[in-house]
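There are 2 protein chains.
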Amino acid sequence: MSVDSKQINKLLGEHKIRPTKIRKAIAGLLFDGRDKHVSVDDVIALARARDVKTSVASVYNTLNQFAAAGLLRRIAVDGGRAFFDTNLSDHHHFYFEDEERLEDIPGNAIEISGLPKLPKGRQIKSVDVTIRL
Amino acid sequence: MSVDSKQINKLLGEHKIRPTKIRKAIAGLLFDGRDKHVSVDDVIALARARDVKTSVASVYNTLNQFAAAGLLRRIAVDGGRAFFDTNLSDHHHFYFEDEERLEDIPGNAIEISGLPKLPKGRQIKSVDVTIRL
DNA sequence: ATACTTTTTAGAATAATTCTAAATTGAGAA
DNA sequence: TTCTCAATTTAGAATTATTCTAAAAAGTAT
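Here the protein sequences come in this chain order: V and S.
Per numbering that gives the first Met the number 0, residue 0 is the first one in the first sequence, and the count goes up by one each step.
Per numbering that gives the first Met the number 0, residue 0 is the first one in the second sequence, and the count goes up by one each step.
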């Protein structure tokens, strides 16, 4: 599942992120066409496994930046570590508490109705549904 | 909104929690009939404000214990600090990102349909809906 | 009161994340 | 190219939230 370096450059360019070496490397690890829910440690392990030499701080910098740019979605489940979701489509999650692992809820099965009126001057940034198992 | 010490004792008793001095004090701060979303720091501040002398570790111990006993509901929003909700009824939340504050969504407005079938041998522990604003 | 268990606590330890400041890299101009 | 300057990367220190430890205090049942 290696990724075309041209596509990575395009992806970063479209999101106004300078395509530096480690950014391209981390993007390559993450955007291989498979949906993933990764923690910072997962990314560090992935990088090691593929001989991408980088630092903990850079992984944080890069993931935070990707999330801010809309290239990743940050998901809060328990306190403790953060997860980043490479699937940007509108979807929700199962959270397996015993394994501390997220999984996409298949399809667009879930429908939410009866959204209340929002406090004045506010607008929805996201609606997150987590089903804990 | 002071709370009847008898009621606190009853509440703790019903949840099989020994009614020690600090547990009663913290329960008294939390269960005054108003729904609250508190962080650990909020509880420490509340305790100080009412001259309840206790320690950080005891606040953690007590809140964790109350949550385990079903007297509080723990809510994860961002990484970072945990929130504890005194409203145990089935309900969902607005999260004001800029203020790092939770608010109950009024009424039982929200309906979720199309819950997918669960992975084998699993059952739902909870369904959490957070609307980020 | 006595003995025994459970709680409480201060402070140390751990974990996740951010900050700092120095070294490196990237991108454009000469 | 090579020079310059801003942006990025990095190791390690600092911060924040939380848990652990082990000794002192409080609770409970004799």
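Glycine residues also receive a C-beta, built at the ideal position from the N, C-alpha and C atoms.
Roughly how far, in whole angstroms, is the beta-carbon of D3/S from the beta-carbon of N86/S, given that I think they are within contact range, below 8 Å?
The Cβ separation is near 20 Å, so there is no contact.
Give me the residue from E99/V, S88/V, R100/V, L28/V with the minimum Cα distance to T53/V.
L28/V
Nearest-angstrom Cα distance between L62/V and Q6/S?
49 Å
Go ahead and label K116/S buried or exposed: buried means 16 or more other beta carbons lie within 10 angstroms of its beta carbon, across all protein chains shown.
With fewer than 16 Cβ atoms within 10 Å of its Cβ, K116/S is classed as exposed.
Does the distance from the C-beta atom of V39/S to that of I25/S stay below 9 Å?
no
Have a look at H14/V and V37/S and give me their C-alpha separation to the nearest angstrom.
37 Å
Run down chain V in chain order and give the residues with a C-beta less than 9 Å from the C-beta of E99/S.
The contacting residues do not exist; E99/S stays about 12 Å from chain V at best.
Let's test the definition: count the other Cβ atoms within 10 Å of the Cβ of V128/S and tell me whether it reaches 16, buried, or not, exposed.
buried
Do the CB positions of F83/S and F95/S come within less than 9 Å of each other?
The criterion of a C-beta distance shorter than 9 Å is not satisfied by F83/S and F95/S.
The segment 118-130 of chain V: which residues have C-beta closer than 8 Å to a C-beta of chain S, in chain order?
P118, R121, Q122, I123, K124, S125, V126, D127, V128, T129, I130
At 8 Å on the CB atoms, spell out the chain V contacts of L132/S, in chain order.
L117, P118, R121, Q122, I123, K124
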